[in-house]
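Inspection log for the structure reproduced underneath, given as structure tokens.
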Amino acid sequence: MKIRFWGVRGSFAMSGRDFLRYGGNTCSVELLANDGHRLLVDLGTGATEFAKHLMGAEFGKGQGKLPILLTHTHLDHIQGLPFFTPFFIKGNEIRIMGADPISGLSLEATLQNQLAPHYSPLNGLENLAAGVTISSFVPGGTLNVPGFTVQTAAVPHGSMWTTAFRISADGKTVTFLSDVEYPSLDEPLPQALALAQDADLLIHDAMHSDLDYEMRRGWGHSPARAGVIVAERAHAKRLALFHHSPDATDDMIDEVVVRTSGETNVPVFAAAEGAYLDV
Amino acid sequence: MQITFWGVRGSYPVPGAATVRYGGQTSCVEVRTAAGECVIVDAGTGMRQLGNKLAREANGQPSQYHVLLSHVHWDHIQGLPFFSPAYIPGTRISVYALLTAADELNQVIGGITRHEFFPMPLEAVPAAFDFHQVEPGVDFVVGGFHITPIALNHPFGSVGYRIDADGSSVAYVADTAPFDKVLHKQHFLAGPEPLSADDQVALTAMRDALVARLRGVDTVIYDTHFLPDEYERFPHYGHSTPDQALVICQEAGVRRLVLYHHAPGHSDEQMDQVAATYLAKGAAIGIEVLTSFEGMSLPIGAG
Ligand SMILES: [Zn+2]
Ligand SMILES: [Zn+2]
Ligand SMILES: [Zn+2]
Chain A
0 MKIRFWGVRG SFAMSGRDFL RYGGNTCSVE LLANDGHRLL VDLGTGATEF AKHLMGAEFG
60 KGQGKLPILL THTHLDHIQG LPFFTPFFIK GNEIRIMGAD PISGLSLEAT LQNQLAPHYS
120 PLNGLENLAA GVTISSFVPG GTLNVPGFTV QTAAVPHGSM WTTAFRISAD GKTVTFLSDV
180 EYPSLDEPLP QALALAQDAD LLIHDAMHSD LDYEMRRGWG HSPARAGVIV AERAHAKRLA
240 LFHHSPDATD DMIDEVVVRT SGETNVPVFA AAEGAYLDV
Chain B
0 MQITFWGVRG SYPVPGAATV RYGGQTSCVE VRTAAGECVI VDAGTGMRQL GNKLAREANG
60 QPSQYHVLLS HVHWDHIQGL PFFSPAYIPG TRISVYALLT AADELNQVIG GITRHEFFPM
120 PLEAVPAAFD FHQVEPGVDF VVGGFHITPI ALNHPFGSVG YRIDADGSSV AYVADTAPFD
180 KVLHKQHFLA GPEPLSADDQ VALTAMRDAL VARLRGVDTV IYDTHFLPDE YERFPHYGHS
240 TPDQALVICQ EAGVRRLVLY HHAPGHSDEQ MDQVAATYLA KGAAIGIEVL TSFEGMSLPI
300 GAG
């Protein structure tokens, strides 16, 4: 299995010279199995770049199939949806899966509202030419995604919940734990540890600097240390810091990686837009 | 007057090496009088950086901000929740917009911060918001600014603004399609639809009113999202080309045009070409054509 980060930034897409090495696009991550099956996690602005990549292949001809998992529906995780060009090609089949954001409001109604006529000229999901299905699931179980084994769990994210994923293929496992804040840093929740158990790669929310974390308790994000604690307790083999703060320049992220690496034996890197990586 | 461009991109923010010089953030322009009064036109992602600057200037003190919205497509409102002065208690933010859909303005704009989209709802933000519905043809005054809303041709409606202050004027004409092939209404267009006689009349009236309002304006900022060949493929997307902007400016006797709302796919190299091409085309008809980039500041009028 390979992984490619198309967007690693949290909250807000950042352009400019200070954000070139890690990248300024908001969250979107592709997983590619050895047999060619693909899976996308989240539809931040990074998904618009992934879309261009897909359009060069079968998606440009209306022959693409893609499952998309959503961690949650905060804008930095869905703002690429109206500009994800495979949606505009008839014949493509795209399935979006995620939890309902709050009780009584379905995932489909939420995405429909994102495309409401005042917000988007697309004026509703029904105007997407591709076959698009939106299905809600209740986190805690497994999902049926061709080519992958996917386990899910709900984790706390400020005033809401996000879905964390454990995704396996080709005997390798990636755990995706972004947009999460544990009630206590030293006590990661059991469902998070279970998903990360022996993972080859743990992708973890590292939005806050230590100082920001002290000032922003309850905002729903973690400092790099939270990922280290989960990785160590769950025996994850590698840790990718993810969901970088819009205030974090490339140089600041470099520093976080150096400091965090010094605190643990787990190999640590900061997720960056760029090439396919082997899991 | 002085204008500063904080976001010049259309549709969605485009980070990366290809947009470093012109900028990747979406629509937001600051207009300031010599006395320091300010209106903000559009609340795209460029508004975050503007907000950071204004919050530094405010130094923790509450202030009042006026935001003129052309319309509420995501690329024109997404910066609002990231406008840091909104988190200073006592701040007042007045939002002016066209009512384009059935909802109330506060619901539409508040809707972007609903629980499922953003961690903090508008009602919980420390700043107090008030909403004002604008109507093309009905001028209004904000402090030292005289504002003239102008109807534009864009899906579900959009409004441009002529802004007069300090004895000069600037006009913001975005987002808009040209006024010939397609009339945008309150429904989804999968492609151009045949125009009725009434549609033709409506388009001509809209165009005439725009040209009339632009007469005497010092500088016109115009939606020039498309290059001509791109426009031919997507005439129903609601955006114009620099050539179409030049024709309108020439008719209105405008001497300075700023290209704006660049397509997200246009790299810095392409934008350099656009800038050079239209600088020459404009010069040939006596119009100075500037291509906006993030951070560009322009004095408006003599002073
Ligand atoms: Zn996020
Ligand atoms: Zn726009
Ligand atoms: Zn628009």
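Sequence lines, in order, name chains A and B. Following numbering that gives the first Met the number 0, the numbering of the first sequence begins with 0 at its first residue and continues without gaps. Following numbering that gives the first Met the number 0, the numbering of the second sequence begins with 0 at its first residue and continues without gaps. Glycine included, every Cβ here is placed at the ideal spot set by N, Cα and C. Keep in mind that this is a model prediction, so the values were computed, not measured.
Separation of residue 0 of chain A from residue 278 of chain A, as counted between CA atoms: What you label residue 278 of chain A is simply residue 279 of the first sequence in a count that begins at 1. What you label residue 0 of chain A is simply residue 1 of the first sequence in a count that begins at 1. Distance between the alpha carbons of residue 278 of chain A and residue 0 of chain A is about 6 angstroms.
is_contact[residue 101 of chain A, chain B] using C-beta, thresh 7 angstroms: On the first sequence, residue 101 of chain A is found 102 positions in, with the first residue counted as 1. At least one chain B Cβ lies under 7 angstroms of residue 101 of chain A.
Cβ-based neighbour list, residue 120 of chain B, same chain, cut-off 8 angstroms, excluding 5 preceding and 5 following: Within the second sequence, residue 120 of chain B is the residue found at index 121, counting from 1. Shown here for residue 120 of chain B: same chain residues with a beta carbon closer than 8 angstroms to its own, the five before and five after excluded, namely 109, 112, 113, 114 in chain order.
Given residue 304 of chain B as reference, the closest of B:72, B:27, B:16 once Cα atoms are compared: Since the first residue shown for chain B is 0 and the last is 302, residue 304 of chain B is missing from the structure and cannot be characterised.
Nearest-angstrom Cα separation, counted from residue 269 of chain B out to residue 233 of chain A: Looking up residue 233 of chain A in the first sequence gives position 234. Looking up residue 269 of chain B in the second sequence gives position 270. Looking at the two C-alpha atoms, the distance is approximately 49 angstroms.
Beta-carbon spacing of residue 5 of chain A, residue 49 of chain A below 7 angstroms: Position 6 of the first sequence, counting from 1, holds the residue named residue 5 of chain A. Position 50 of the first sequence, counting from 1, holds the residue named residue 49 of chain A. With contacts defined as CB atoms closer than 7 angstroms, residue 5 of chain A and residue 49 of chain A qualify as a contacting pair.
Where residue 109 of chain B meets chain A, residues with beta-carbon distance less than 8 angstroms: As a position in the second sequence, residue 109 of chain B is number 110, starting the count at 1. Near residue 109 of chain B there are no residues of chain A at all, since even the closest Cβ is about 12 angstroms away, more than 8 angstroms.
Within the stretch 236-267 of chain A, ranges of the alpha helix (DSSP H) (whole runs, at least 4 residues): Scanning the stretch 236-267 of chain A from its first residue to its last, the whole alpha helix (DSSP H) runs of 4-plus residues come out as 249-260.
Interface residues of the stretch 181-205 of chain B facing chain A [CB-CB below 9 angstroms]: If the cut-off is 9 angstroms between Cβ atoms, the stretch 181-205 of chain B has 183, 185, 186, 187, 188, 189 near chain A.
Pairwise C-alpha distance: residue 53 of chain A and residue 238 of chain B: Here residue 238 of chain B corresponds to residue number 239 of the second sequence, with the count starting at 1. Here residue 53 of chain A corresponds to residue number 54 of the first sequence, with the count starting at 1. Taking the straight line joining both Cα atoms gives about 26 angstroms.
Own chain, CB closer than 7 angstroms to residue 150 of chain B, minus 5 neighbours either side, in chain order: Residue mapping note: residue 150 of chain B aligns to position 151 of the second sequence, counting from 1. 135, 158, 205, 208, listed in sequence order.
Under 9 angstroms from the C-beta of residue 15 of chain B: neighbouring residues of chain A: Position 16 of the second sequence holds residue 15 of chain B. By Cβ distance, chain A contributes 14, 18, 19, 22, 23, 24, 48, 272.
Residue 42 of chain A and residue 79 of chain A closer than 7 angstroms at C-beta: Walking along the first sequence from the start, residue 42 of chain A turns up at place 43. Walking along the first sequence from the start, residue 79 of chain A turns up at place 80. In contact: residue 42 of chain A and residue 79 of chain A (Cβ atoms closer than 7 angstroms).
Anticipated Cβ contact below 8 angstroms, residue 381 of chain B with residue 224 of chain B, distance rounded: The shown model of chain B, from 0 to 302, leaves out residue 381 of chain B, and the question about it has no answer.
Where residue 264 of chain A meets chain B, residues with beta-carbon distance less than 9 angstroms: Against the first sequence, residue 264 of chain A aligns to sequence position 265. Correct list: empty, because the minimum Cβ distance to chain B is about 33 angstroms.
Distance, residue 244 of chain A Cα to residue 257 of chain A Cα: For this step, residue 257 of chain A is matched to residue 258 along the first sequence. For this step, residue 244 of chain A is matched to residue 245 along the first sequence. The alpha-carbon separation between residue 257 of chain A and residue 244 of chain A amounts to approximately 17 angstroms.
Whether residue 40 of chain B touches residue 79 of chain B by CB criterion (7 angstroms): The residue you call residue 40 of chain B lines up with position 41 of the second sequence. The residue you call residue 79 of chain B lines up with position 80 of the second sequence. No, these two residues do not count as a Cβ contact at 7 angstroms.
Proximity test, residue 72 of chain B beta-carbon vs ligand 3 heavy atom, cut-off 6 angstroms: As a first step, residue 72 of chain B must be located in the second sequence, where it is residue number 73. Residue 72 of chain B Cβ: within cutoff of ligand 3.
CA-to-CA distance, residue 130 of chain B to residue 100 of chain B, given in whole angstroms: Counting from one through the second sequence, the residue named residue 100 of chain B turns up at place 101. Counting from one through the second sequence, the residue named residue 130 of chain B turns up at place 131. Because residue 100 of chain B sits at a pLDDT of 49, beneath the cut-off of 50, its placement in the model cannot be relied upon, and the following sentence gives the value as read from the coordinates. Residue 100 of chain B and residue 130 of chain B have their alpha carbons spaced roughly 15 angstroms apart.
Residue 221 of chain B - containing alpha helix (DSSP H), residue span: To locate residue 221 of chain B, count along the second sequence from 1; it is residue 222. Where residue 221 of chain B is concerned, there is no enclosing alpha helix (DSSP H), although the beta strand (DSSP E) it sits in stretches over 218-222.
Any non-hydrogen atom of ligand 1 closer than 6 angstroms to residue 114 of chain B Cβ: Walking along the second sequence from the start, residue 114 of chain B turns up at place 115. Residue 114 of chain B has its CB no nearer than 6 angstroms to any heavy atom of ligand 1.
DSSP bridge partner residues for residue 96 of chain A (one or two, in chain order): Your numbering for residue 96 of chain A matches position 97 in the first sequence. Answer by DSSP bridge pairing, in chain order: A:68, A:134.
Any non-hydrogen atom of ligand 1 closer than 6 angstroms to residue 129 of chain B Cβ: Taking the first residue of the second sequence as 1, we reach residue 129 of chain B at position 130. Not under cutoff, so the answer is no.
Distance, residue 269 of chain A Cα to residue 252 of chain A Cα: Counting from 1 along the first sequence, the entry for residue 252 of chain A is found at position 253. Counting from 1 along the first sequence, the entry for residue 269 of chain A is found at position 270. Cα to Cα, residue 252 of chain A sits roughly 7 angstroms from residue 269 of chain A.
Residue 180 of chain B, DSSP secondary structure in three states: Reading the second sequence from its first residue, position 181 is the one you call residue 180 of chain B. Coil, per DSSP.
Paired residues, beta bridge with residue 229 of chain B - DSSP: As a working note, residue 229 of chain B is residue 230 in the second sequence. DSSP output for residue 229 of chain B lists no bridge partner at all.
is_contact[residue 222 of chain A, chain B] using C-beta, thresh 7 angstroms: Taking the first sequence and counting its residues from 1, the one referred to as residue 222 of chain A is at position 223. Not closer than 7 angstroms to any Cβ of chain B, the Cβ of residue 222 of chain A fails to qualify, so no.
C-alpha distance - residue 15 of chain B paired with residue 13 of chain A, whole-angstrom precision: Counting from one through the second sequence, the residue named residue 15 of chain B turns up at place 16. Counting from one through the first sequence, the residue named residue 13 of chain A turns up at place 14. Straight across, the Cα-Cα distance linking residue 15 of chain B with residue 13 of chain A is about 9 angstroms.
C-alpha distance - residue 132 of chain B paired with residue 112 of chain A, whole-angstrom precision: Taking the second sequence and counting its residues from 1, the one referred to as residue 132 of chain B is at position 133. Taking the first sequence and counting its residues from 1, the one referred to as residue 112 of chain A is at position 113. Their backbone Cα atoms lie some 22 angstroms apart in a straight line.
The stretch 185-201 of chain B / the stretch 244-260 of chain B touching (three or more Cβ pairs under 8 angstroms): Result no; under three Cβ-Cβ pairs closer than 8 angstroms.
Min CB distance residue 9 of chain A to chain B below 7 angstroms: Against the first sequence, residue 9 of chain A aligns to sequence position 10. False, the Cβ-Cβ gap to chain B never drops below 7 angstroms.
Cβ pair residue 193 of chain B, residue 181 of chain B closer than 7 angstroms: Taking the second sequence and counting its residues from 1, the one referred to as residue 193 of chain B is at position 194. Taking the second sequence and counting its residues from 1, the one referred to as residue 181 of chain B is at position 182. Here residue 193 of chain B is not near residue 181 of chain B, since their CB atoms are 7 angstroms or more apart.
Contact list for the stretch 70-85 of chain B against chain A, Cβ threshold 9 angstroms: Under the 9 angstroms Cβ criterion, the stretch 70-85 of chain B contributes 70, 71, 72, 73, 76, 77, 78, 80, 81.
Residues that residue 29 of chain A bridges to, as DSSP identifies them: The residue you call residue 29 of chain A lines up with position 30 of the first sequence. Partner(s): A:3, A:39.
8 angstroms CB neighbourhood of residue 124 of chain A in its chain, flanking five on each side removed: By one-based count along the first sequence, residue 124 of chain A stands at place 125. Taken in chain order, the residues that qualify are 107, 110, 111, 114, 131, 133.
Own chain residues within Cβ distance below 6 angstroms of residue 218 of chain A, not counting five before or after: The residue given as residue 218 of chain A occupies position 219 in the first sequence. Cβ-Cβ distances below 6 angstroms link residue 218 of chain A to 157 in the same chain, with the five nearest sequence neighbours on each side left out; the list follows chain order.
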